[in-house]
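The structure appears right after this line, and notes come after that.
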Amino acid sequence: MDRKRATLIGLAAIVLWSTMVGLIRGVSEGLGPVGGAAMIYTLSGLLCLVTVGFPNLKRFPPRYLIAGSVLFVSYEICLALSLGYASNRHQAIEVGMVNYLWPSLTIVFAIVFNGQKTNLWVIPGLLISLLGVGWVLGGEQGLQLDEIISNVVSNPLSYGLAFAGAFIWAAYCTVTSKYAKGHNGITLFVLLTALALWLKYLFSDQPAMVFSLPVVIKLLMCGVALGFGYASWNIGILHGNVSVLATVSYFTPVLSAALAAVLLNAPLSFSFWQGALMVCAGSLLCWYATRNKQQ
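Read in full-length UniProt numbering, the sequence shown has 18 at position 18, and its numbers run on one by one without any break.
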């Protein structure tokens with residue numbers, strides 16, 4: 001495949017994934033946090049079967065198969081439920097921003113566990129990302145400790161799941177980089193996520209799923225965004241310009257917030273955008289620290 005074309009397809013994956021916060025929240029409002037997530041990952045898993053195919057598990061390194069499955073399923077559940085359990089749409093977008101600590105944390109994990117070479121720029125990069133999240137949670141006044149504590153205390157489950165998810169995804173990326181050896185278990189992992197969510201739905205007290213045309217449309221869009229997003233990203237990584245894809249991916253927090261604001265009809269404050277840009281800047285600085293060291 002032509003390199004430019006493959007890169008564009010990879011960039012399409014970033015756009016598709018950036019719709020996830022708004023779409024997951026929209027689906028959960030009609031089908032419930034658990035039921036909605038179960039439906040999303042079921043549809044996405046079926047699409048992955050078509051676009052990516054089911055892997056030959058016998059060839060998978062056991063450590064990647066086991067650790068990758070556990071970490072991927074845990075992360076996706078944390079992400080979906082953190083958005084679904086958010087008290088309102090604005091809070092869902094804030095929770096989504098907390099989740100985007102993972103790019104910076106992935107760099108840190110790669111340094112600690114995979115021996116990734118870096119320089120001291122990674123420290124201010126991580127601090128800027130954390131400051132950005134604090135700025136977002138501080139509301140319209142920016143970095144206000146009392147407001148941050150008030151926000152988190154108002155819904156510790158939602159914020160806690162998002163924060164845990166950021167660490168879990170960083171661990172998943174580290175495990176994949178170290179043990180996958182070129183294998184791609186995404187179809188299996190998505191289907192396992194759907195299975196885990198259906199089990200939780202069946203064996204816990206959950207609200208009834210109420211289907212409506214807007215909810216069904218968002219469900220289909222979300223399934224397509226997740227299912228085709230992974231397929232597009234694989235093409236981009238295998239045949240496109242990986243440096244371009246990596247750089248653009250660090251702007252996902254801003255794009256995700258913008259699309260969520262449109263999809264959920266939830267205008268965001270100027271201080272929110274300041275915080276989102278800090279998260280992006282911190283992630284880019286962490287990435288630059290490793291790239292600069294390699295050169």
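The C-beta atom is built at its ideal place from N, Cα and C for all residues, glycine as well.
Closest in alpha carbon position to Ala246, among Thr51, Val50, Trp233 and Ala257, is Trp233.
Residue range Ile186 to Leu202 is occupied by the alpha helix (DSSP H) that includes Tyr201.
Inclusion of Ala261 and Thr19 in the CB contact set at 8 Å is not warranted, their separation being larger than that value.
For secondary structure counted as the beta strand (DSSP E) over 3 or more consecutive residues, the stretch 129–175 holds no complete run. Judged by DSSP in its simplified three-state form, Val254 adopts helix. In the displayed model, Asn56 falls within coil according to three-state DSSP, outside both helix and strand. It is roughly 22 Å from the alpha-carbon of Thr7 to the alpha-carbon of Leu259.
DSSP places Thr7 in the uninterrupted alpha helix (DSSP H) bounded by Arg3 to Ser18. The stretch 267–277 makes no contact with the stretch 206–224; the number of CB pairs closer than 8 Å stays below 3. Shown here, Thr290 sits in a helix according to DSSP, grouped into three states. Apart from sequence neighbours up to five positions away, the residues of its chain that approach Asn155 with a beta-carbon distance below 6 Å are Ser87, ordered along the chain. Counting along the chain, Gly84 sits inside the alpha helix (DSSP H) bounded by residues Pro62 to Gly84.
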